[in-house]
Structure formats: C-alpha cells, structure tokens
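Accompanying notes for the structure given below.
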Amino acid sequence: MVSRVIPVDPFDLVIFGGTGDLARRKILPGLFRRYCAGQIEGDVRITGAARTEMDSEGYREMVAEAIAEADPQAARQSEHLAAFLDMLGYVVVDATGEAGWAELARLSRPDRIRAYYFSVAPSLFGPLAERLHQHGLTDGAARIVVEKPFGRDLASAQELNAVLAKHFHENQIYRIDHYLGKETVQNLMAIRFGNMLFEPLWNSQYVDHIQITVAEVVGVGTRGDYYDRAGAMRDMMQNHLMQLLCLIAMEPPAKFNPDAVRDEKLKVIRALDPVGPDDVVRGQYQGARNRPGYRNQVGNRDSTTESFVALRARISNWRWAGTPFYLRTGKRLKERASEIAVVFKDAPHSIFGEEAGRHRNILTIKLQPNEGIELGVTIKEPGPGGMRLIDVPLDMTFAEALGPEEADFPDAYERLIMDVIRGNQTLFMRGDEVEEAWAWTDAVIAGWEARGDDPLPYDTGSSGPDDALMLMHRDGRRWREIKA
Ligand code: BG6
Numbered sequence: 172m173v174s175r176v177i178p179v180d181p182f183d184l185v186i187f188g189g190t191g192d193l194a195r196r197k198i199l200p201g202l203f204r205r206y207c208a209g210q211i212e213g214d215v216r217i218t219g220a221a222r223t224e225m226d227s228e229g230y231r232e233m234v235a236e237a238i239a240e241a242d243p244q245a246a247r248q249s250e251h252l253a254a255f256l257d258m259l260g261y262v263v264v265d266a267t268g269e270a271g272w273a274e275l276a277r278l279s280r281p282d283r284i285r286a287y288y289f290s291v292a293p294s295l296f297g298p299l300a301e302r303l304h305q306h307g308l309t310d311g312a313a314r315i316v317v318e319k320p321f322g323r324d325l326a327s328a329q330e331l332n333a334v335l336a337k338h339f340h341e342n343q344i345y346r347i348d349h350y351l352g353k354e355t356v357q358n359l360m361a362i363r364f365g366n367m368l369f370e371p372l373w374n375s376q377y378v379d380h381i382q383i384t385v386a387e388v389v390g391v392g393t394r395g396d397y398y399d400r401a402g403a404m405r406d407m408m409q410n411h412l413m414q415l416l417c418l419i420a421m422e423p424p425a426k427f428n429p430d431a432v433r434d435e436k437l438k439v440i441r442a443l444d445p446v447g448p449d450d451v452v453r454g455q456y457q458g459a460r461n462r463p464g465y466r467n468q469v470g471n472r473d474s475t476t477e478s479f480v481a482l483r484a485r486i487s488n489w490r491w492a493g494t495p496f497y498l499r500t501g502k503r504l505k506e507r508a509s510e511i512a513v514v515f516k517d518a519p520h521s522i523f524g525e526e527a528g529r530h531r532n533i534l535t536i537k538l539q540p541n542e543g544i545e546l547g548v549t550i551k552e553p554g555p556g557g558m559r560l561i562d563v564p565l566d567m568t569f570a571e572a573l574g575p576e577e578a579d580f581p582d583a584y585e586r587l588i589m590d591v592i593r594g595n596q597t598l599f600m601r602g603d604e605v606e607e608a609w610a611w612t613d614a615v616i617a618g619w620e621a622r623g624d625d626p627l628p629y630d631t632g633s634s635g636p637d638d639a640l641m642l643m644h645r646d647g648r649r650w651r652e653i654k655a
C-alpha cells in the first residue's frame with residue numbers, strides 16, 4: 172500500500188525567525204521531506220527572514236547543514252536537496268524597524284498563496300503584523316502561522332489575539348499546537364467517529380475514567396529561562412494535554428470541518444469544572460548522579476516552578492458527569508511515553524464468581540513513541556483447570572499493522588505546514604479556544620499560588636511524586652505504568 176501524496180498549490184512562504192532553532196530543527200527539514208515526498212512542486216519560494224546578516228547563498232548553506240543534522244538520511248537525497256535549496260532565499264529583516272520590508276514586499280507575488288510563519292518571540296507578533304500591514308501584505312491571500320507560547324495567561328493571550336485581529340481575519344490565523352499534527356492524535360477522531368464500535372460506549376455510563384499521560388525523559392535542557400517562567404502547567408497542560416482532552420471528550424461534530432470541530436472542542440473547555448486543591452499535584456525533579464536537578468538546571472535555587480503536574484478534571488455535561496479525567500505530564504520521568512487510556516467500567520455482574528477477579532476493558536491510544544491502538548479484552552486463560560480469566564491486548568501497533576513504510580508518518584510540523592498552504596484550519600487553535608483554555612488554566616494556577624504550595628520533589632527516572640499516585644488511589648484507581 173503506497174500512500175497518495177497530493178501536491179499543494181505553489182506558494183510563497185516567509186519564515187520570520189528563519190535562522191532560529193525551530194526553523195532549523197523542524198520547519199525547514201519538514202519542508203524538505205515534503206518536497207522529497209512530492210507534495211511541494213512547481214514555482215515555490217521559501218524565504219528566510221531574520222536579523223542575522225547573511226545572504227541567500229549563506230542561508231542555503233545553513234539550511235543544508237540543518238537538514239543534514241535533523242535528518243541525515245533525507246539529506247543524502249542530493250538531487251532533491253539541490254532543487255529544494257534553489258527555492259530558498261534570505262532577506263535581512265528587522266521586525267521593529269524598516270530594514271528588509273521593501274524587499275519582502277517586492278518579492279511578494281499577488282497571485283500566490285502567501286504564508287508568513289512567525290517563528291519568533293510572541294512580543295514580535297504585533298510588530299510583524301503591523302509591518303506586514305504597512306507594506307500591503309495582509310490581503311486575503313496572506314495567512315500567518317504563530318507558534319506557542321500563545322500568551323502566559325488569559326490577559327496576555329487576549330492581547331495577542333487583539334494585536335493579530337487588527338490586521339488579519341481569524342481565518343487567516345493559524346495557531347500551532349504541534350500535538351494536533353501528530354498522526355495518532357488525528358486518529359483519535361477517526362477511531363471515535365469512523366467506527367460504530369466505540370461511540371455508543373463513549374460516556375459516563377460505560378467509561379469509568381480516562382487517563383492522559385505525556386511523559387518525557389528530557390529535562391528542561393537549555394530552555395531554562397523560558398521554562399522557569401512557564402512550568403508544566405503552562406508549557407504542556409494548557410495546550411497539548413488540553414487539546415487531547417478536548418478530542419477525546421467532545422461531541423461528534425456534524426462535519427469534519429474547522430469550525431465544526433473547534434466549536435465542539437470549545438464546549439468541552441467551557442464545561443470543565445474548577446480544579447480544587449485536592450485535584451492537583453505539582454512536582455519538581457531532583458538531580459541524579461551526574462544529572463543536575465531542576466533548580467540547578469534553570470539556575471534558580473529557589474524556583475517553585477513545576478516540571479510535573481497531575482490533575483483530576485471533571486467535565487460537567489450529560490456525557491461525562493461522573494467520569495473523572497486524570498491528566499499528568501512531566502519531564503525527567505522514567506520513559507518517553509504518551510498515551511490516552513479509556514478505562515471502561517466493570518461488567519455489571521460476574522458470572523464467573525469472585526475468584527475470576529476484576530477485569531476491565533481498556534482502550535489505549537498510544538501517541539508516542541510506538542504509535543498505535545491497543546484494546547485490552549478479557550479471555551479465558553488457556554488450558555484446563557477451570558474458568559480463570561486473563562486480560563490480553565488486541566494490539567494494533569501501526570508500524571506492524573500498516574507496514575513500516577505506511578507507518579513512517581510525517582512529522583507534526585510537516586503536516587501542519589501543508590495544512591496552512593491548503594488553507595485547512597481544523598488542526599489549529601481558534602482564538603476563543605485558546606482564551607478559554609487560559610481562563611481555566613489561570614484559575615488552577617491562582618489556586619496553588621493562593622495556597623503557597625511548593626512543588627514536591629521527585630526523582631529523575633521515576634513516575635513523578637508519590638502524591639500524584641495518591642491522587643488516583645484516593646479514588647480507588649491507579650495510574651497505568653509509564654511504559655513505551
Ligand atoms: C513543547 C514543549 O511544546 O513540547 C516542550 O514546550 C516539550 O517542553 C515538547 O518537550 C514535547 O513535544 P514532543 O512532540 O516531543 O512530545
């Protein structure tokens with residue numbers, strides 16, 4: 172089975188922050204892979220724009236190096252590489268000054284889809300939008316892509332939305348949450364709304380609880396400055412985990428179109444109950460042997476920022492009243508493993524008696540690293556000796572079920588950038604969604620700030636602080652093991 176690649180229309184893309192980390196690690200290597208796959212063709216122009224003094228030749232060299240670093244295998248496709256580099260150019264641009272703008276305006280082709288990628292600090296979103304407007308580049312063919320963090324609270328997110336809305340319509344603004352570009356995340360919708368099997372059971376009558384785990388092995392690395400002002404709640408929970416929660420909990424939209432999907436997601440966030448003090452646990456990782464602890468790494472001995480957060484969320488609507496959602500995410504945990512587990516209720520009556528034990532169906536959607544779906548079902552233990560029951564997984568690891576080629580999914584960024592060019596906003600966050608997510612997040616943060624709670628220490632390589640385990644134990648439930 173070879174997947175069909177439909178080329179996108181020719182486009183012009185300007186990457187502000189075109190020499191930055193994200194451009195080098197994700198955006199440019201991603202574009203190159205889409206080029207190799209045949210999705211980008213024809214008269215396409217990709218322009219790096221940044222303050223760094225450099226000419227187009229120098230930029231092409233930088234991009235070739237970045238691709239070699241990010242994806243050595245792809246970079247060996249030297250014919251493709253040369254042709255791809257030919258599409259690239261560079262303009263020295265000052266977001267807050269005049270330098271470079273006339274050149275960008277001159278390069279802009281009115282009959283093209285034009286995308287402007289703001290891969291810069293949010294403080295530059297406003298100045299960039301303003302300059303684009305001044306140079307007549309905000310017409311209907313233009314769209315902008317903005318990266319997270321989209322604000323650090325409701326007020327700053329509202330400000331950013333207002334700044335962008337001055338010159339762009341909502342249908343021109345693509346707010347990236349790269350989790351929405353992950354293959355399995357989209358599969359969540361396919362599983363729910365493409366099968367008859369699950370949706371009838373997808374409610375509090377049949378679902379005991381849902382667990383969402385995004386566990387990382389890495390620490391804060393070199394991003395200490397940013398991270399210490401954000402923490403796991405702002406960095407991961409407000410956006411990535413919240414998006415997963417929305418997709419798993421939302422009502423079926425009438426159509427798979429951007430506003431229908433985003434309307435339903437928004438309703439989930441609006442139906443979230445406030446999180447009380449007993450519903451949330453924060454943690455901060457400790458050092459281990461030759462690995463520095465959190466405070467050391469961010470260079471702040473008194474930091475009270477969390478690198479782990481676990482919480483119990485409740486959605487007050489007909490579908491979910493009575494079914495808790497347990498969410499956790501953290502750095503320096505035992506494994507890199509992200510999954511959503513839908514834990515169904517016990518069968519109402521066991522015909523096999525007490526000794527058969529307690530058995531539950533669990534549907535696990537594995538986001539990374541081994542994308543796939545697993546359904547735990549109860550069967551009879553083989554062999555003689557009576558009716559003993561065991562749980563076995565019906566396992567569909569995509570790489571096995573689809574073959575390694577089909578399961579070689581495009582990186583989230585590749586998919587999302589192609590969606591920008593196609594003009595499909597389904598996998599991007601709408602302004603009202605982001606604001607609602609911040610309103611809920613702000614209240615959680617205000618709660619622990621008012622209580623003066625400090626994060627609890629946890630060991631590098633563990634599953635987080637013990638209190639996070641207690642969060643579920645108190646409800647007579649337990650977290651699934653963090654396992655790739
Ligand atoms: C980013 C966060 O949005 O997502 C990082 O800022 C985090 O702190 C990263 O490491 C995780 O992304 P992924 O795709 O590796 O799960």
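Count along the sequence shown from 1, then add 171; that gives the number in this note's numbering.
The beta-carbon is built from N, C-alpha and C at its ideal position, and this holds for glycine as well.
Which term fits ILE536, buried or exposed, when burial requires 16 or more other beta carbons within 10 angstroms of its beta carbon?
Residue burial is scored here from C-beta neighbours: ILE536 has at least 16 other C-beta atoms within 10 angstroms and is therefore classed as buried.
I need the DSSP call for TYR377, collapsed to helix, strand or coil.
DSSP places TYR377 in coil when its eight states are reduced to three.
To the nearest angstrom, how far is the alpha carbon of GLY602 from that of ASN332?
Distance between the alpha carbons of GLY602 and ASN332 is about 6 Å.
Which whole-angstrom value describes the C-beta separation of GLU236 and VAL263, a residue pair presumed to lie in contact below a C-beta threshold of 8 Å?
Actually they do not touch by this definition, with Cβ atoms about 19 Å apart.
Let's see if you can read the secondary structure: which residues bound the alpha helix (DSSP H) around LEU538?
In the DSSP assignment, LEU538 falls outside any alpha helix (DSSP H) and lies within the beta strand (DSSP E) extending over 533-539.
Short of 6 Å in beta carbon distance, which residues of its chain neighbour LEU534, apart from the five on each side in sequence? Order them along the chain.
Residues of the same chain with a CB within less than 6 Å of the CB of LEU534, apart from the 5 flanking positions on each side, are VAL513 and LEU546 in chain order.
May I ask you to verify whether the stretch 464-477 touches the stretch 588-601, counting CB pairs closer than 8 Å and requiring at least 3?
Short answer: they don't touch.
Do you know offhand how far GLY557's Cα is from LYS654's?
In this structure, the CA atom of GLY557 is about 32 Å from the CA atom of LYS654.
Quick one: what does DSSP say SER227 is sitting in, helix, strand or coil?
If DSSP states are grouped into helix, strand and coil, SER227 belongs with the helices.
Give the single residue among ASP282, GLY229, PRO200 and GLU620 whose Cα lies nearest to the Cα of TYR261.
Taking TYR261 as reference, the option from ASP282, GLY229, PRO200 and GLU620 with the minimal CA-CA separation is GLY229.
Completely contained alpha helix (DSSP H) runs for the stretch 401-478, where each covers 4 or more residues:
Taking only runs of at least 4 residues, the alpha helix (DSSP H) segments lying wholly in the stretch 401-478 are 413-420, 429-441 and 465-469.
Rounded separation between GLY395 and VAL469 - CA only:
A direct Cα-to-Cα measurement between GLY395 and VAL469 gives close to 4 Å.
Less than 6 Å between C-beta atoms, sequence neighbours within five positions excluded: which residues of the same chain meet that for GLY168?
Here the chain covers residues 172 to 655 and nothing more, so residue 168 does not appear.
Rounded distance between the beta-carbons of PHE182 and ARG346, thought under 8 Å:
Between PHE182 and ARG346 the Cβ distance is about 19 Å, and since that is not below 8 Å, they are no contact.
In angstroms, rounded to a whole number, what distance separates the CA positions of GLN329 and MET641?
Going by C-alpha positions, GLN329 is about 36 Å away from MET641.
According to DSSP, what are the bridge partners of PRO564?
For PRO564, which the question treats as bridged, DSSP gives the partners GLY547.
Would you grab the beta carbon distance between LEU415 and TYR350 for me? Rounded to a whole angstrom, and I think it's under 8 Å.
Contact between LEU415 and TYR350 holds: their C-beta atoms lie close to 7 Å from each other, under 8 Å.
Does the Cβ-Cβ distance between ASP232 and ARG195 come in under 9 Å?
The residue you asked about is not Asp; residue 232 is Glu in the sequence shown. No, the Cβ-Cβ distance between GLU232 and ARG195 is not below 9 Å.
Which residues in the same chain as ALA425 place their Cβ atom closer than 6 Å to its Cβ, once the five residues preceding and following it in sequence are excluded?
Taking C-beta separations shorter than 6 Å and ignoring five residues to either side along the sequence, the partners of ALA425 in its chain run ALA431, following chain order.
Please tell me whether, using a cut-off of 8 Å, the distance from the CB of MET407 to the nearest non-hydrogen atom of ligand 1 is below it.
At least one heavy atom of ligand 1 is nearer than 8 Å to the Cβ of MET407, so yes.
To the nearest angstrom, how far is the alpha carbon of VAL591 from that of GLU525?
Distance between the alpha carbons of VAL591 and GLU525: 56 Å.
Which of helix, strand or coil DSSP assigns to GLU354
Looking at GLU354 - three-state DSSP - the assignment turns out to be helix.
Between the C-alpha atoms of GLY447 and VAL615, what's the straight-line distance to the nearest angstrom?
Taken atom to atom, the span from the alpha-carbon of GLY447 to that of VAL615 is near 8 Å.
Are any of the Cβ atoms in chain B nearer than 9 Å to that of ASP310?
No chain B appears in this structure, which consists of one protein chain only.
SER509 CB to nearest heavy atom of ligand 1 below 8 Å
Correct: SER509 has its Cβ closer than 8 Å to ligand 1.
Rounded to a whole number of angstroms, what is the C-alpha to C-alpha distance between TYR377 and HIS340?
The alpha-carbon of TYR377 is positioned some 42 Å away from that of HIS340.
Quick one, which of TYR398, PHE187, ALA621 and GLU387 has its alpha-carbon nearest PHE296's?
Nearest option by C-alpha distance: PHE187.
What does DSSP give as the partner residue(s) for ARG314 in the beta ladder?
Under the DSSP definition of a beta bridge, ARG314 partners with ALA286.
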